[in-house]
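The structure under discussion appears below in the form of structure tokens.
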Amino acid sequence: MTTEWPGASVAAGLAGTPDAAFDGWVARLSCPGAERDAAVTELHGLLLRTARFEIRRRREAFPHLVGADLDDLAWQSAADALMSILRRLGDFRGESRFTTWACKFAIVEAGTKVRRHAWQGREIPVTSSFWPVAADGAPSPHQQAEARELLSALQEEVERLTDRQRQVFVAITLNAVPIDVLAERLNTTRGALYKTLYDARRKLRAALAARGLGTDSERR
Amino acid sequence: MPDDSGRMIEELVGPTDPELSCDECFDVLDIYVELELASRAADAELPLMRAHLRGCSACRADYDSLRALLLADPGELA
């Protein structure tokens with residue numbers, strides 16, 4: 028079996044259909060022996076190329092990172108993705124191509140590793156050091172005033188969040204700290220942090236609504 | 022509300038629609054992207070996904086990358 032590039036079948040309109048290679052990949056990776064070793068090697072190659080692709084995309088945001096570090100991150104990402112895939116092989120249901128399913132592991136690993144590497148040694152800002160201002164290019168003075176009022180109310184309501192909610196909200200939404208970087212520093216998971224952020228946002232939206240203020244999406 | 026400010030506020034307080042969790046998003050990310058690229062009704066089949074991608078920048082980055090990967094020329098995979 029050769030490692031077909033997943034995009035080829037998407038372009039051919041095969042996406043979303045049961046994966047023709049489903050049985051092949053899972054069977055090869057499941058039974059011990061030389062065939063499995065060959066499949067693991069092949070899969071690792073695909074994951075490494077995917078991790079390098081992802082890191083090339085992300086490095087523009089982190090120009091201070093150097094090539095040797097980045098390729099090391101790609102190898103680590105491919106190895107960790109491979110471990111996860113082999114551990115979760117039973118989760119694959121053939122609802123997408125196996126290679127697409129596998130590549131998402133490498134993308135998430137590589138993206139997370141680049142962001143954590145880029146933030147290594149940097150302090151996480153958890154205070155409200157920055158608040159956006161309403162765009163001056165608003166269509167009318169009335170709309171500018173409305174946006175300023177909403178932001179001002181939001182700023183007050185953020186202070187009423189729990190300490191944990193405020194810390195997470197401020198770091199992620201105001202100071203643009205990547206959620207996986209914050210999760211590592213707070214010794215928790217990205218999913219758990221997003222739940223905290225979700226709860227904080229829901230509380231803020233409710234508080235704004237109680238003041239008669241709402242976001243555009245609530246009005247639609 | 023000016024459009025820019027409206028977008029800025031939504032980025033702060035998140036989408037109002039129900040949404041998936043990050044783990045659920047990861048579980049279906051490959052299916053969602055393939056459905057989209059095959060011009061099938063991804064949002065109808067996985068209706069809570071889009072709201073999560075609007076609210077979670079990390080999952081949105083993963084989505085963008087998987088989509089870009091599937092659309093990439095094989096030569097970009099050196």
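Chains as they are written, first to last, in this note's numbering: chain Y, 28 to 247; chain F, 22 to 99. For each residue, glycine too, the CB sits at the ideal point set by N, CA and C.
Compute the Euclidean distance between the alpha carbons of residue i and residue j, then round it to the nearest angstrom.
{"i": "ASP64 of chain Y", "j": "ARG124 of chain Y", "result": "21 Å"}
{"i": "GLY35 of chain F", "j": "GLU81 of chain Y", "result": "26 Å"}
{"i": "HIS73 of chain F", "j": "ARG84 of chain Y", "result": "22 Å"}
{"i": "LEU116 of chain Y", "j": "MET70 of chain F", "result": "23 Å"}
{"i": "VAL49 of chain F", "j": "ARG217 of chain Y", "result": "17 Å"}
{"i": "ASP99 of chain Y", "j": "LEU109 of chain Y", "result": "15 Å"}
{"i": "THR189 of chain Y", "j": "ALA105 of chain Y", "result": "38 Å"}
{"i": "GLU40 of chain F", "j": "LEU231 of chain Y", "result": "17 Å"}
{"i": "ARG187 of chain Y", "j": "ARG238 of chain Y", "result": "14 Å"}
{"i": "LEU67 of chain F", "j": "GLU122 of chain Y", "result": "13 Å"}
{"i": "LEU91 of chain F", "j": "GLU55 of chain F", "result": "8 Å"}
{"i": "THR37 of chain F", "j": "MET29 of chain F", "result": "14 Å"}
{"i": "SER60 of chain F", "j": "ARG149 of chain Y", "result": "42 Å"}
{"i": "GLU31 of chain F", "j": "ALA227 of chain Y", "result": "13 Å"}
{"i": "GLN170 of chain Y", "j": "ALA233 of chain Y", "result": "21 Å"}
{"i": "GLN103 of chain Y", "j": "LEU73 of chain Y", "result": "14 Å"}
{"i": "GLY94 of chain Y", "j": "ARG229 of chain Y", "result": "42 Å"}
{"i": "SER244 of chain Y", "j": "GLU97 of chain F", "result": "Any reading at SER244 of chain Y needs caution, since the residue's pLDDT is 47, under 50, leaving its predicted position unreliable; the model's value is listed next. Using only the alpha carbons, I get a separation of about 38 Å."}
Could you pull out every residue in the same chain whose Cβ sits closer than 6 Å to the Cβ of residue i, ignoring the five residues on either side in sequence?
{"i": "THR139 of chain Y", "result": "ASP207"}
{"i": "VAL153 of chain Y", "result": "GLN194, VAL197 and ALA198"}
{"i": "GLU62 of chain Y", "result": "ARG55"}
{"i": "PRO205 of chain Y", "result": "ARG142"}
For residue i, which residues of its own chain have a beta-carbon under 7 Å away from its beta-carbon, when the five flanking residues on both sides are left out?
{"i": "PHE258 of chain Y", "result": "Missing from the structure shown is residue 258 of chain Y; chain Y here goes from 28 to 247 and no further."}
{"i": "CYS80 of chain F", "result": "CYS43, CYS46, HIS73 and LEU74"}
Say whether chain A places a C-beta atom closer than 7 Å to the C-beta of residue i.
{"i": "CYS77 of chain F", "result": "In the structure shown, chain A cannot be found, because the protein chains are Y and F."}
Between residue i and the rest of its own chain, which residues show a CB-CB distance below 8 Å, the 5 nearest in sequence each way excluded?
{"i": "GLU211 of chain Y", "result": "ARG143"}
{"i": "LEU240 of chain Y", "result": "GLU176, LEU177 and ALA180"}
{"i": "VAL53 of chain Y", "result": "LEU116, PHE119 and PHE125"}
If residue i and residue j are in contact, beta carbons under 8 Å, what's the gap, nearest whole angstrom?
{"i": "ASP83 of chain F", "j": "THR127 of chain Y", "result": "Rounded, the Cβ-Cβ distance is 13 Å, inconsistent with contact."}
{"i": "ASP107 of chain Y", "j": "GLU136 of chain Y", "result": "5 Å"}
{"i": "ALA101 of chain Y", "j": "ARG79 of chain Y", "result": "5 Å"}
{"i": "GLU184 of chain Y", "j": "LEU113 of chain Y", "result": "Their Cβ separation, rounded to whole angstroms, is 46 Å, which puts GLU184 of chain Y and LEU113 of chain Y out of contact at 8 Å."}
{"i": "ALA66 of chain Y", "j": "LEU56 of chain Y", "result": "5 Å"}
{"i": "LEU87 of chain F", "j": "LYS131 of chain Y", "result": "5 Å"}
{"i": "ALA63 of chain F", "j": "TYR53 of chain F", "result": "5 Å"}
Would you mind working out which of the options sits nearest residue i, comparing C-alpha positions?
{"i": "ILE134 of chain Y", "options": "F:ALA89, F:GLU97, F:GLY96 and F:PRO95", "result": "F:ALA89"}
{"i": "ALA129 of chain Y", "options": "Y:TYR225, Y:ARG229 and Y:HIS71", "result": "Y:HIS71"}
{"i": "HIS91 of chain Y", "options": "Y:GLU184, Y:GLN147 and Y:GLU183", "result": "Y:GLN147"}
{"i": "LEU224 of chain Y", "options": "F:GLU97, F:SER60, F:ASP85 and F:SER78", "result": "F:SER78"}
{"i": "ILE151 of chain Y", "options": "Y:GLU184, Y:GLU173, Y:LEU209 and Y:HIS169", "result": "Y:LEU209"}
{"i": "TYR221 of chain Y", "options": "Y:THR68, Y:ARG76 and Y:GLN192", "result": "Y:GLN192"}
{"i": "LEU58 of chain F", "options": "F:ASP85, F:PRO95 and F:GLU97", "result": "F:ASP85"}
{"i": "ALA93 of chain F", "options": "Y:SER111, Y:THR215, Y:THR77 and Y:GLY94", "result": "Y:THR77"}
Run the proximity test for residue i: is its beta-carbon closer than 6 Å to any non-hydrogen atom belonging to the ligand NAD?
{"i": "ASP85 of chain F", "result": "The ligand content of the structure shown is nil, which means the ligand NAD is not present either."}
Query raised in the report: Which full runs of the alpha helix (DSSP H) of 4+ residues lie inside the segment 143-196 of chain Y, going along the chain?
Result: Segments of the alpha helix (DSSP H) lying fully in the segment 143-196 of chain Y: 168-185 and 190-196.
Requested in this report: Please specify which runs of the alpha helix (DSSP H), each continuous and at least 4 residues long, are wholly inside the segment 58-96 of chain Y, giving them in chain order.
Outcome: 61-86
**Report entry** Every unbroken alpha helix (DSSP H) inside the segment 211-242 of chain Y [4 residues or more]
**Finding:** 217-237
Query - Segments assigned alpha helix (DSSP H), at least 4 residues, entirely inside the segment 91-140 of chain Y - result: 94-114
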